Amino acid sequence: MRKTVVALATAAAVAVTALPAQAATLPPLKPALLEASISGLPNPDTTGALVRITGSAGRWSGTAGVSDITTNAPVNPRGSFRIGSATKVFTAVLVLQLAQERRIDLNQPVQRYLPGVLPAAYPPIPVYTLLDHTSGLPHIDIPEMADPQYVVDHRFDSWTPAQVLATATKHPHEFTPATAQKYSNTSYIVAGMLVEKVTGKSYERAVRERIAQPLCLRHTYAPGNDPHLPNPAARGYITVKDKLVDVTEMNQSIPWAAGGMISTAEDLDTFITALFRGRLLGPAMMDRLFAVPDVDTVNNGGPAMYSQGLQTITLNGVTMWGKTGSRYGYSSGVFATRDLARKAAYSANVTTKSTEGQPGIVVKIADAATR
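Residues -23 to -1, 1 to 348 in mature numbering (1 follows the signal peptide of the UniProt record, and there is no 0) are what the sequence shown spells out, letter by letter.
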């Protein structure tokens, strides 16, 4: 195992009266817990990890494990990684920007802007329901979701958004829009198509011109059909028949606007800071960004946890907003308190893709960052 830990300016180093309201109630960072959360790598479940904690209530960063199981090179804290469903935050921002510009009415059916894309039997689906997972659209139905061998055999396949969507829309619509919440990659594929239709530009270009360039996110982009991950980057592996297979190079056209982007911990920190400070959206759209619908979830009947772009979690009494992400070989996320007193960005190179819940190492990181 190789590990680098850089610590820390704790909350104690800052006068409480100078901190934002939430910062005054945050527990001080605990370097020993954070270090322990990523210790013992590599192991059969995770080959490497990096964590970056910033904010007015303290700073800490650390890496553990290896970036390459053949060379045992250490994980680079500035390395690129696949951010998976954290892509959804970028997509939601694009749609909300277009609504802010009055080029989209969030309350109008998506069918108004994308005629013929959804089956005629489907009900009108308000645009905003795409963003908060209340659209009722069925899941994407591709074998990669459950078969690691399929992932390996087809990792360079190229899909169009329409082809991906067609695997979902061959199934019936699931529930009346805005009456329940069910997490949906399908909704964000449609949202990406909506961005392209309204702007007349590719999704990749829209991300670059509307978000990455204005914020100087030099290592954040939607890769399109390019399967490569730029160096420095930790390799991503999945377990197939008890062996680790390198899937670092993989076409991301299936997740696309729902989960295909690439970034770094530093860029994600910059992005969520700018977003929460209102640099990308005005007050009305910021309200939507933090508004969780008053509905139950389909899967477990519990209360909704996704807003129009973010998810909210409360751990150890600390409420944070952001998004987790998962792609083969990578489990990542970015979260922050609304006042930005604590921000966290991380990536762990997990070797199996969980179908329910977050990998154990992610749970440990989240607990350590808020305890």
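Built from N, CA and C at the ideal position, the CB exists for glycine as well.
As the structure is a computational prediction, the values presented were derived from the model and not from experiment.
Neighbour-count burial assignment, residue i, 16 or more Cβ in a 10 Å radius
i, result
"V339", "buried"
"H205", "exposed"
"G278", "exposed"
"R212", "buried"
"R29", "buried"
"K147", "exposed"
"Q190", "exposed"
"T153", "exposed"
"N326", "buried"
Of the listed residues the options, nearest to residue i (C-alpha basis)
i, options, result
"D203", "R348, P51, F133", "F133"
"G294", "A268, A345, A325", "A345"
"P260", "I81, S161, L73, Y323", "L73"
"G42", "R265, R348, S324, K330", "S324"
"I166", "Y307, D264, V87, P270", "V87"
"L11", "G39, G17, P21, G25", "G39"
"L194", "A281, P336, A98, T250", "T250"
"T24", "Q335, A313, R319, Y307", "Y307"
"F248", "A235, N276, P54, G310", "G310"
"residue 364", "T289, G237, N49", "With the chain covering only -23 through 348, there is no way to say anything about residue 364."
"G299", "V269, N276, T274", "V269"
"A157", "S135, E173, H110", "H110"
"P100", "G334, L287, A155, P138", "A155"
"A168", "Q335, R348, G286", "G286"
"L252", "L27, I188, D82", "I188"
"A135", "L27, N228, D246", "According to the sequence displayed, residue 135 carries Ser and not Ala. Measuring from the Cα of S135, the nearest candidate turns out to be N228."
"L142", "L245, H116, G255", "H116"
"V66", "P51, T289, E78", "T289"
"G337", "L221, P21, T274, P8", "P21"
"I81", "V172, S62, V52", "V172"
"F267", "T274, G255, R79", "G255"
Pairwise C-alpha distance: residue j and residue i
i, j, result
"H131", "P232", "14 Å"
"S284", "L108", "7 Å"
"P316", "T2", "Per the sequence presented here, residue 316 reads as Asp, with Pro not at that position. The alpha-carbon atoms of D316 and T2 are separated by roughly 12 Å."
"V272", "M297", "20 Å"
"S230", "I215", "19 Å"
"T328", "E151", "32 Å"
"A97", "L192", "40 Å"
"A(-9)", "A34", "Since pLDDT at A(-9) reaches only 27, below the 50 mark, its modelled position is unreliable, and no value is offered."
Within 9 Å, strictly: CB atoms of residue i and residue j
i, j, result
"I60", "I342", "no"
"T64", "A199", "yes"
"F58", "S240", "yes"
"Q126", "V70", "no"
"T163", "S112", "yes"
"residue 397", "A139", "This structure gives no information on residue 397, because the portion of the chain shown stretches from -23 to 348."
"V184", "Y90", "no"
Residue interval of the alpha helix (DSSP H) (run including residue i)
i, result
"V327", "No alpha helix (DSSP H) contains V327, which is instead part of the beta strand (DSSP E) from 320 to 327."
"Q288", "It is not in any alpha helix (DSSP H) - Q288 instead sits in the beta strand (DSSP E) that spans 288 to 292."
"G25", "From DSSP, G25 is part of no alpha helix (DSSP H) but of the beta strand (DSSP E) over 23 to 31."
"K220", "No alpha helix (DSSP H) contains K220, which is instead part of the beta strand (DSSP E) from 220 to 223."
"T347", "337 to 347"
"M262", "260 to 266"
"F248", "242 to 253"
"S14", "8 to 14"
"T146", "138 to 146"
"A313", "No alpha helix (DSSP H) holds A313; the beta strand (DSSP E) holding it covers 307 to 313."
Any chain B beta carbon closer than 9 Å to residue i
i, result
"E151", "Any reference to chain B falls outside this structure, which holds one protein chain only."
Boundaries (first-last residue) of the beta strand (DSSP E) holding residue i
i, result
"Y160", "Here Y160 belongs to no beta strand (DSSP E), and DSSP marks it neither H nor E."
"V217", "214 to 217"
"A281", "Element bounds for A281: n/a, residue is neither H nor E."
"G302", "295 to 304"
"R36", "35 to 42"
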